[in-house]
Each structure stands twice: as C-alpha cells, then as structure tokens.
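Participant: 129 is the number of the first residue of the sequence shown in my numbering; add one for each residue after it.
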Amino acid sequence: MKSKNLLLRAPEPADIDLLYKWENDSRIWYLSNTVAPISRHLLEEYILTAYQDIYTAKQLRLMIDNVNTGETVGCIDLFDFDPVNLRAGIGILISDNQRNKGYASEALALLIDYAFNTLNLHQLYCNITTNNEVSLKLFKKHNFKNIGIKKDWTRLKDKWLDEYILQLINTNKI
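(1) Can at least three beta-carbon pairs, one atom from the region 205-214 and one from the region 225-232, be found at a separation below 8 Å?
(2) Return the bridge partner residues of Ala216 from the DSSP annotation.
(3) With 16 other CB atoms within 10 Å as the buried threshold, where does Pro141 fall?
(4) In three-state terms, what does DSSP make of Lys268?
(5) Which same chain residues, not among the five before or five after Tyr183, have their C-beta less than 7 Å away from its C-beta?
(6) Take Glu172 and list the residues in its own chain whose beta-carbon comes closer than 8 Å to its own, dropping the five residues that flank it on each side.
(7) Measure the C-alpha to C-alpha separation of Lys285 and Glu291 and round it to an integer number of angstroms.
(8) Grab the span of the alpha helix (DSSP H) containing Asn245 for me, first residue to last.
(9) In whole angstroms, give me the CA-to-CA distance for Asn305 and Asn298.
(10) Under a Cβ-count criterion, where at least 16 other Cβ atoms within 10 Å of its own Cβ denotes burial, should Pro165 be classed as buried or exposed?
(11) Applying the criterion that 16 or more other CB atoms from any shown protein chain within 10 Å of the CB defines a buried residue, is Asn304 buried or exposed?
(12) So if DSSP puts Glu291 in a beta bridge, which residue, or which two residues, is it bridged to?
(13) Give me the DSSP bridge partner(s) of Leu296.
(14) In whole angstroms, what separates the C-alpha of Thr200 from that of Ser233?
(15) State the DSSP-derived secondary structure class of Thr184, mapped to helix, strand or coil.
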C-alpha cells in the first residue's frame, strides 16, 4: 500500500532491531496490555511467519516507511481479525522523533482503504485511553465514532485510566 509520502509494507528481518526497541519500551506497554519484555528471538520468529495471510494469523502488522527518505517511521496493525463478522481492531505507533508530521493520519487512511476495499471489512475499531488526546483526534479525523467508555480499564502505575472504544462502519458494505 502506497501513498504520496508513505509505503506500508510487511516486516523484514532488517526491522528486528527497531521492533525490538518499540516492543520493549515499557513507557507504552499499557497501551497494548503488554506486561513483559519480548525477546529478539520471538520477533525473528514473528517475521519469519509474517508470510501467513491475515485469515490464518488473525493479525497483520505493517511497517510505515517514508518513501522520500526510506526511513521506517512507525508501524500499524490490524488485530483481532474476525472474518465471520468482518471486523478488526487497529493499532498504530509512530516513532518518538517522527511524530507530528502527518504520518499517522496518512498511514491510517491507507489501512482503512485496504481494510474496507481489499479485505471488505464491515467495521474497524480501536481502544484509546481518555487522556490520549492526540490519538483521539487522529481517529475522529478519520470518522471513527466514540461508542462507549470502559471505566477504570487500564492501570498506569498508581492510577486507573478510562478507555474509549471507537468504531468506523463501512457504510458502503452490506
């Protein structure tokens, strides 16, 4: 998947160090319900099995590359893929030094197009803590609607965070 500025591509062995850094950044574990470090070996195995299609793996991770510089600026995921009910969750990470450049919005637009027009999904959803104003703004910009709140859903150190669930329905799909 490609746009003017970005390429969404499958992970490659050359991405292991970057994925290792992101997956083991304990500051953001609460966003993905991670509670322990992930080994380089597991990441290598994941990449070696990334050839499995989304129907087999029930997930799809794509690296986000800047087409002008060739630099990998983040990754975007479809997870909890449900081929019966035609839905999936979305997660996105943009590297600290690449934020506020429009990459997340452009990558999200590419993934929505792929999910709705290639996978023919009926809906996408995401879960965002109520204090994550940047992510809320991003998904609302792409017409995701807030459909509910989960109270005291995520524990971050010594406090509880509420979490919104946002949903985007493919109105062109029956």
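All C-beta atoms in this analysis are idealised placements derived from N, C-alpha and C, irrespective of residue type, glycine included. Source: prediction; values computed, not measured.
Facilitator: Let me spell this out:
(1) no
(2) In the sequence shown, counting from the first residue as 1, residue 216 sits at position 88. For Ala216, which the question treats as bridged, DSSP gives the partners Leu252.
(3) Numbered from its first residue, the sequence shown carries residue 141 at position 13. Looking at its Cβ environment, which holds fewer than 16 other Cβ atoms inside 10 Å, Pro141 is exposed.
(4) Within the sequence shown, the letter at position 140 stands for residue 268. The answer is helix: DSSP assigns Lys268 an H, G or I state.
(5) Here residue 183 corresponds to residue number 55 of the sequence shown, with the count starting at 1. Around Tyr183: Pro211.
(6) As a first step, residue 172 must be located in the sequence shown, where it is residue number 44. Around Glu172: Pro141 and Ile144.
(7) Translated into positions along the sequence shown, residue 285 becomes position 157. Translated into positions along the sequence shown, residue 291 becomes position 163. So the alpha carbons of these two residues sit roughly 16 Å apart.
(8) On the sequence shown, residue 245 is found 117 positions in, with the first residue counted as 1. Counting along the chain, the alpha helix (DSSP H) containing Asn245 begins and ends at Tyr231 to Asn245.
(9) Residue 305 is absent from the model: the chain starts at 129 and stops at 302.
(10) Taking the sequence shown and counting its residues from 1, one reaches residue 165 at position 37. Looking at its Cβ environment, which holds fewer than 16 other Cβ atoms inside 10 Å, Pro165 is exposed.
(11) As shown, the chain starts at 129 and ends at 302. That puts residue 304 outside it, with no answer to give.
(12) Translated into positions along the sequence shown, residue 291 becomes position 163. Answer is Thr257 and Lys278, bridged to Glu291.
(13) The residue you call residue 296 lines up with position 168 of the sequence shown. In DSSP, Leu296 forms a bridge with Leu252.
(14) As a first step, residue 200 is located in the sequence shown; it is residue number 72 there, counting from the start. As a first step, residue 233 is located in the sequence shown; it is residue number 105 there, counting from the start. Their Cα atoms are separated by approximately 15 Å.
(15) By 1-based counting over the sequence shown, the position of residue 184 is 56. Note: Thr184 maps to helix in three-state DSSP.
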